[in-house]
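> Respectively, the protein sequence lines represent chains A and B. Counting in our numbering, the first sequence runs from 313 upward without gaps. Counting in our numbering, the second sequence runs from 562 upward without gaps. Even for Gly, the Cβ is constructed at its ideal location relative to N, Cα and C.
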Amino acid sequence: METATLIVLLVIVLALFFDFTNGFHDTANAMATPIATGALKPKVAVLLAAILNLVGAFLSTEVSKTISHGIIREDQISPPDFLPIIFAGLIGAITWNMLTWLLGLPSSSSHALFGGLIGATLVGASIAAIDFGMVMSRVVLPALIAPFTAGVIAFCATRLAYAVTRRYDSKPDGRSGFRWGQIFTSSLVALAHGTNDAQKTMGVITLALVMAGWQDSAHADPQLWVIFACAITIALGTYMGGWRIIRTLGKGLTDVKPAQGFSAETATASTILASSAFGFALSTTQVASGSVIGSGLGRRGSTVRWGTVGRIAIGWVLTLPAAGAVGAVAALLVVWFGGWGIAVDAVLAVAVILGLYLRSRRNEVNAGNAMSEVADSGMAVKVKRNPPPTRRQRAILREEQRQAALERRRARRENGGGKR
Amino acid sequence: MTIDWVAFVEVFAAALVAAVVVVGSYAVGLRMLVRAGRVPVVTPAEFTDAITVISEKEARRAAKAAAKAAKKNPLTPAQRQVALWAAYACFTICALAVLAGILLIVLK
């Protein structure tokens, strides 16, 4: 019993640490575009993101239910085996999250968590313990569809924003007013991040509590202290993580206009919030990246840099199996060595965290070690400095040329008449 | 394995409608502000390295152009007032749409 208590405590600590890294990793999702367009001062942006992540964590628990009562079939695994599996899964998720952060690879914290849990369950229990229908409908398909959906919505929203505010008389169009709007839309993205990402850790902790017999399995809702702990941790992570990203943004989001940023953030927030309501556990990084690409394409004369898109997509595709592999190895250690395996896993987890800390101390903030997936997405679209004219602008131009030609002809005729 | 495809369509439709309402109403609001002769010129909160979209010089030039455009507004004072109220109405719709979306999630 004492060992079980210890493992539950370890799982809670590790889950909260994952929550911290999630916030740390994802500050850029909400605040990359408003900082890039100058809508918010970097310090204010990060503080706002942290507060709204905290608030968002209290708004919905649908995603938490998906994690705690959906992906893994608890009835297929005996409780004593289950806790080490969650532990191993979390180690897989954290290790992959940290590794990608260190190497500057595009990745998703959420998929690292799912991958880790699934990999550990496959090795530690059996294939029957995974509800593949649920994994497919709540994790894999949303992961494939959501970035595309967000991109399409951002594309339409950007087109709409530009079409409504376009002026044909070269007078000021007031588009810089979108900077005001960005303060609200980026806040909404931070709120949405809280509703989706903080829930994932709540789900994991609830799962551990249910398996330890500390919570009734009939009640899928996370306990109040779990909600508070996860909300505070993700907010803290968001606040701490933001500083490293800010200075690297300039290298990625080089040309985001306020109207474009506003549209991208609205698309991101609406996609995540709608998905949270349905209990789809999305990757906010992927949704934000899809929106940035979509809104970039919504600007006239833009083209896609397919190489960059491919690199981002490979990172996304790799995350689930790679985190799954790390989770599986961690679970294998538990299967082989029992209690000693858990100890080895714990030591490895501490080593990874310590390694990251030392590495971050040695290396100051730069583009290589900061997580700039969303910023990378900005590079996926090439926007011309002078975009081609719209159909109406071409018509106006033709009309002006026609008028000028008429004027010249009239002037020539008058000059000719004068000479005679 | 049963996959609820309708849920995906619902998420897409809800997100698209929400985004179009928010972006559309905000953009129309800005357009109305311009019509009312109050062209918003919002300079970046801080000119960090990340900002390449506008320089301080360009921001000053934009403010001058806005002031000039406001002086040459062809609308009568009454029409300008109507445009201003329309702008405020659009911004209110935008804010209400956001609030409604959040409420729907909280109440679900």
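Identify the contact partners of residue 659 of chain B in chain A, using a Cβ-Cβ distance below 8 Å as the criterion.
Per Cβ cutoff of 8 Å: 496 and 500.
> When the Cα of residue 661 of chain A is compared with those of A:326, A:458 and A:617, which residue comes out closest?
Residue 661 of chain A has its Cα closest to that of A:326, out of A:326, A:458 and A:617.
> Given a cut-off of 9 Å on the beta-carbon distance, is the pair residue 436 of chain A and residue 647 of chain A in contact?
Yes, Cβ-Cβ distance for residue 436 of chain A and residue 647 of chain A is below 9 Å.
> Any idea what DSSP makes of residue 614 of chain A, helix, strand or coil?
Of the three classes helix, strand and coil, the one that applies to residue 614 of chain A here is strand, per DSSP.
> Express the C-alpha separation of residue 344 of chain A and residue 563 of chain A in angstroms, rounding to a whole number.
Reliability of the predicted coordinates at residue 563 of chain A is poor, the pLDDT of 45 falling under 50, and no value is obtained from them.
> Classify residue 607 of chain A: buried if its beta carbon has 16 or more other beta carbons within 10 angstroms, exposed otherwise.
Buried, since its Cβ has 16 or more Cβ neighbours within 10 Å.
> Would you decide whether residue 315 of chain A is buried or exposed? Buried here means 16 or more other CB atoms lie within 10 Å of its CB.
Exposed, because fewer than 16 other Cβ atoms sit within 10 Å of the Cβ of residue 315 of chain A.
> Less than 7 Å between C-beta atoms, sequence neighbours within five positions excluded: which residues of the same chain meet that for residue 603 of chain A?
Result list for residue 603 of chain A: 462, 463, 466, 576, 579 and 580, in chain order.
> In whole angstroms, give me the CA-to-CA distance for residue 643 of chain A and residue 449 of chain A.
Going by the C-alpha atoms only, they are around 25 Å apart.
> Where in the stretch 459-484 of chain A do unbroken runs of the alpha helix (DSSP H), each at least 4 residues long, occur, reported from the N-terminal end onward?
Segments of the alpha helix (DSSP H) lying fully in the stretch 459-484 of chain A: there are none.
> Using alpha carbons as the reference points, say which of A:334, A:658 and A:702 lies closest to residue 547 of chain A.
That would be A:334, whose Cα lies nearest to the Cα of residue 547 of chain A.
> Using a Cβ-Cβ cutoff of less than 8 Å, which residues in the same chain neighbour residue 478 of chain A once the five nearest sequence positions on both sides are dropped?
So the qualifying residues of the chain are 485 and 702.
> Using only alpha-carbon positions, find the residue among A:394, A:410, A:713 and A:390 that is nearest to residue 666 of chain A.
Here the closest residue by C-alpha is A:410.
> Under a three-way DSSP split, which group does residue 383 of chain A fall into?
Note: residue 383 of chain A maps to coil in three-state DSSP.
> Round the Cβ separation of residue 472 of chain A and residue 590 of chain B to the nearest angstrom and send it over; I've been treating them as touching at under 8 Å.
Contact flag wrong, Cβ pair sits at about 13 Å.
> DSSP has residue 442 of chain A in a bridge; who is on the other side?
Note: residue 442 of chain A sits in a beta bridge opposite A:384.
> Roughly how many angstroms separate the alpha carbons of residue 445 of chain A and residue 564 of chain B, rounded to a whole number?
Answer to the nearest angstrom: the Cα atoms are 7 Å apart.
> For residue 503 of chain A, I'd like the list of residues in its chain whose CB is within less than 7 Å of its CB, leaving aside the five on either flank, ordered along the chain.
Once the five neighbours on either side are set aside, the close Cβ partners of residue 503 of chain A are 364, 367 and 368.
> For residue 525 of chain A, does the count of other Cβ atoms within 10 angstroms reach 16, so buried, or fall short, so exposed?
Exposed, since its Cβ has fewer than 16 Cβ neighbours within 10 Å.
> Look at residue 374 of chain A and residue 588 of chain A and say whether their C-beta atoms are less than 9 Å apart.
Contact: yes.
> What is the rounded straight-line gap between the Cα of residue 631 of chain B and the Cα of residue 647 of chain B?
Answer to the nearest angstrom: the Cα atoms are 17 Å apart.
> Does the separation of the CB atoms of residue 572 of chain B and residue 586 of chain A fall below 9 Å?
Contact: yes.
> Is there at least one Cβ from chain B nearer than 9 Å to residue 448 of chain A's Cβ?
By this cut-off, residue 448 of chain A is an interface position.
> Would a C-beta distance cut-off of 9 Å place residue 378 of chain A and residue 639 of chain A closer than the cut-off?
The answer is no: Cβ separation not under 9 Å.
> Compare the C-beta of residue 663 of chain B against all C-beta atoms of chain A and say whether one is closer than 9 Å.
Answer yes: the Cβ-Cβ gap between residue 663 of chain B and chain A drops below 9 Å somewhere.
> By the criterion of Cβ-Cβ separation under 8 Å, what are the contact partners of residue 468 of chain A in chain B?
Within chain B, the residues near residue 468 of chain A are 577, 580 and 581.
> Got a sec: is the Cβ-Cβ distance from residue 572 of chain B to anything in chain A below 9 Å?
Closer than 9 Å to some Cβ of chain A, the Cβ of residue 572 of chain B qualifies, so yes.
> Going by beta carbon distance, what residues of the same chain come within less than 8 Å of residue 708 of chain A, once the five residues before and after it are set aside?
Same-chain partners within the cutoff: 480.
> Could you check whether the Cβ of residue 612 of chain B sits closer than 9 Å to any Cβ belonging to chain A?
In this prediction, residue 612 of chain B scores a pLDDT of 46, lower than 50, which makes its location untrustworthy; the coordinate-derived value is nonetheless stated afterwards. Closer than 9 Å: yes.
> Give the secondary structure of residue 371 of chain A by DSSP, where H, G and I count as helix, E and B as strand, and everything else as coil.
Three-state result, residue 371 of chain A: coil.
> So the alpha helix (DSSP H) residue 622 of chain B belongs to, where does it begin and stop?
Residues 617-632.
> Ignore the nearest five residues each way along the sequence and tell me which others in residue 598 of chain A's own chain have a CB closer than 7 Å to its CB.
Hits under 7 Å: 420, 455, 458, 459 and 628.
> Under 8 Å by Cβ, that's how I've got residue 432 of chain A and residue 389 of chain A pegged, so tell me the actual separation to the nearest angstrom.
Actually they do not touch by this definition, with Cβ atoms about 11 Å apart.
> Mapping DSSP to helix, strand and coil, what is residue 599 of chain B?
Coil, per DSSP.
> Using a Cβ cut-off of 9 Å (strictly closer), state whether residue 563 of chain B contacts chain A.
True, the Cβ-Cβ gap to chain A drops below 9 Å.
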